[in-house]
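Remember, our numbering sits 697 above the position in the sequence shown when you count from 1.
No residue lacks a Cβ here, since even glycine has one placed at the ideal position from N, Cα and C.
Read through the structure below, which is laid out as structure tokens, and then see the notes.
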Amino acid sequence: MKILYVSEQYGPHDQRFLAAISEAGHQALFWGAKADEVKGHALPESVSFAEGELHATIHDFQPDVVHAGPLHTRAYQAAQTGFHPLVAMSWGSDILHTARRNWFARRRVRKALRAADVLIADCQAVADAAAELAFPVERIVQFPWGVDLQRFNPAGGDGGLRARLGWEDAFVVLHLRAWEALYGSEVVLRAFLALAPSQPRLRLLMPGGGSLAARFESLLARSGLAERVHLPGAVPQADLPAYYRAADLYLSASHSDGSSVSLIEALASGLPVAVSDIPSNREWVQQGWFFPVGNQDALAAAILSAMNSEDLPQAAQTARRIAEERADWSRNKLGLQRAYEMALGA
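As structure tokens, this is what we get:
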């Protein structure tokens, strides 16, 4: 089968999808990212990269299926070409957040869904949002993007990370989302800064970066608590498992999410979680701590409750069990084939 894969960038998720397409024996052409983003990265076997105008790319490649997302950008562009069969893929925030706050994006999402033969959704919240926009539920293929359960697991240690930081006896909370308003990263930092003075064991591990970096540096400088926060910048994918294992509690204050891959990685690592009370998080967390979106005081209370809880070991076991049952990417990626076959049948 010839698959034209259309996306905005060549990020970790795109790499996994293209690898899955290649492993299934399909020929794929990747369109939509900037050449500079792809340069220096090895594409999977039988996957090539194309630039130029989308309509011309489709004409030249003659795909059996076009797979495109996010909905309001690349799927909309694919819909404009009139090509069928089209498999549209939601990236979560496109339909759960952007389309609900921007009328122009909502119109584009509607047009993409109207043209799509099949929709890939990573959680029930996304499927429900598509149904609200009149997309037929029988044409939705739903599966979590999942993780590599061999890489992300409770065993293997943290590579000496806690020892290097001098945090062997600390209670370490981990935040791995981008430093952007959508992900509530400032809520996490402010909750930590409010709680830390009364909790000398508490430490914050906060990799990454984003548009709020200067604001975070200012908050930390004024707090006098900078030595209790580690900001290592962007962490290579190969090093991520050690960061999960170095933590005692994973935090996410996101305002909107599909099935968050970092949350699933935390669960697979056997890490208890405290997360914002949104539908997609409720789909994953059976034993953990929830707090209202944007409420830093409630998040601080959740962290303190987790620190004092005798149920952390049980929460860790439950987290790993959920990941094993629902988040195995080697199994979940078969959903791509189901989507393509359904689209061809349509």
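Per DSSP, the unbroken alpha helix (DSSP H) holding Phe714 starts and ends at Pro709 to Glu720.
Judged by DSSP in its simplified three-state form, His756 adopts helix. If you look at Tyr941, you'll find it in the alpha helix (DSSP H) that goes Leu937 to Ala943. Pairwise C-beta distances place the region 792 to 803 out of contact with the region 731 to 744, as fewer than three of them are shorter than 8 angstroms.
Annotation for Trp800: the continuous alpha helix (DSSP H) segment containing it runs Trp800 to Ala812. Taking C-beta atoms as the reference points, Phe913 and Leu873 fail to come closer than 8 angstroms. Closest option to Tyr707, judged by alpha-carbon separation, among Trp728, Ala802 and Met1004: Trp728.
If you check the CB distance, Leu1009 and Ala1003 come in under 8 angstroms.
Restricting attention to Ala809, Gly766 and Val834, the CA atom closest to the CA of Gln777 is found in Ala809.
If you keep only unbroken beta strand (DSSP E) runs of at least 3 residues inside the region 920 to 988, you get 946 to 949, 970 to 973 and 986 to 988. Around the Cβ of Val815, a 10 Å sphere holds 16 or more other Cβ atoms; the residue is buried. Ranking Pro969, Glu962 and Asp974 by CA distance to the CA of Gln847 puts Glu962 first.
Ser787 carries a coil assignment under DSSP once its states are collapsed to helix, strand and coil. Boundaries for Arg771: no alpha helix (DSSP H) harbours it, and the DSSP string shows neither H nor E there. Here the alpha carbons of Gly863 and Ser790 stand approximately 37 angstroms from one another. When only Cα atoms are considered, Ala812 and Ala939 end up about 43 angstroms apart.
If you check the CB distance, Leu902 and Ala944 come in under 8 angstroms. Comparing C-alpha distances from Leu922 to each of Leu946, Ser951 and Leu892 shows the shortest one belongs to Leu892. In the displayed model, Asp1025 falls within a strand according to three-state DSSP. Contact annotation: Val762 and Leu1041 have beta-carbon atoms nearer than 8 angstroms. Contact between Tyr1037 and Met698 holds, with the beta-carbon distance rounding to 6 angstroms and staying under 8 angstroms.
Residue environment for Leu1031: exposed (fewer than 16 other C-beta atoms within 10 angstroms of its C-beta). Residue pairing for Phe727: DSSP places it in a beta bridge opposite Tyr702 and Phe746. Excluding its 5 nearest sequence neighbours in each direction, Leu964 has C-beta neighbours in its own chain below 6 angstroms: Ala1016, Ile1019 and Ala1020, listed in chain order. Straight through space, the alpha carbons of Ser915 and Ser1027 are spaced by roughly 43 angstroms.
In this chain, the alpha helix (DSSP H) harbouring Ala732 covers Ala732 to Val735.
The bridge partners DSSP lists for Ala818 are Gln839.
About 5 angstroms separates the beta carbon of Arg898 from that of Ala867, a gap short enough to meet the 8 angstroms contact definition. In the displayed model, Val990 falls within coil according to three-state DSSP, outside both helix and strand. Taken through DSSP and simplified to helix, strand or coil, Leu846 comes out as coil.
Look at Leu871 here: in three-state DSSP terms it is strand. Counting every other CB atom within 10 Å of its CB across the protein chains shown gives Pro833 a total below 16, marking it as exposed.
Considering only Ser1006, Gln896, Asp954 and Trp876, the residue with the shortest C-alpha distance to Leu928 is Trp876.
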